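In full-length UniProt numbering, the protein residues as written are 1 to 191.
Virtual Cβ for every residue (Gly too), placed ideally from N, Cα, C.
Treat the numbers as computed from the prediction; the structure is a model and nothing was measured.
Contents: one structure, followed by commentary.
So, in structure tokens, the structure goes:
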């Protein structure tokens, strides 16, 4: 899937989430739809290309279960998950202009490596991050870590790259990071 943006609005981080906020039971529930794969363009517009997460729903669920997570992508069950931690609307405006995406994380490899790509991911479980395979293909567990919105860091326990990922293509460009501990931040849901 792709989105056309004016250049000043263009995304600049690989692995960043494409999401939409839905309302359930008077609470704002973010659903991650895709992760930024690449951007191309010139002049006034840039095209952002996203990896559509629903295409990988079965693989994500299977991988999370293998890592000990209880997971369901049934929409109503997803909307109810962590509902007590979600922002309550109470008739207020749905749009939050703070522009903060608290479940978005930055991903870092070993500081001794020459990491040139800036990558982000989305927290989709208390200790699970989804990102691009190209972001973590050369990373090692335990020496890699994520930085959360609250500036806390958590080391990566496992890096699971989609088995059909081929470097230098956009096909199957997805990875799951299992963290060594749970984040204090409420994760997003996958749409």
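Going by DSSP in three states, residue i sits in which element: helix, strand or coil?
i, result
"residue 34", "strand"
"residue 175", "strand"
"residue 148", "coil"
"residue 49", "strand"
"residue 188", "coil"
"residue 61", "helix"
"residue 55", "helix"
"residue 136", "helix"
"residue 18", "strand"
"residue 79", "helix"
What distance in whole Å lies between the Cβ atoms of residue j and residue i, which are believed to be in contact at a cut-off of 8 angstroms?
i, j, result
"residue 178", "residue 162", "Wrong, their Cβ atoms sit about 14 angstroms apart, outside the cutoff."
"residue 176", "residue 160", "4 angstroms"
"residue 139", "residue 109", "4 angstroms"
From residue i to residue j, what does the alpha carbon distance come to, in whole angstroms?
i, j, result
"residue 188", "residue 124", "5 angstroms"
"residue 102", "residue 30", "10 angstroms"
"residue 173", "residue 60", "13 angstroms"
"residue 68", "residue 153", "21 angstroms"
"residue 35", "residue 20", "12 angstroms"
"residue 141", "residue 180", "10 angstroms"
Taking 7 angstroms as the cut-off, is the beta-carbon of residue i closer than that to any non-hydrogen atom of the ligand COA?
i, result
"residue 109", "This structure does not include the ligand COA; it has no bound ligands of any sort."
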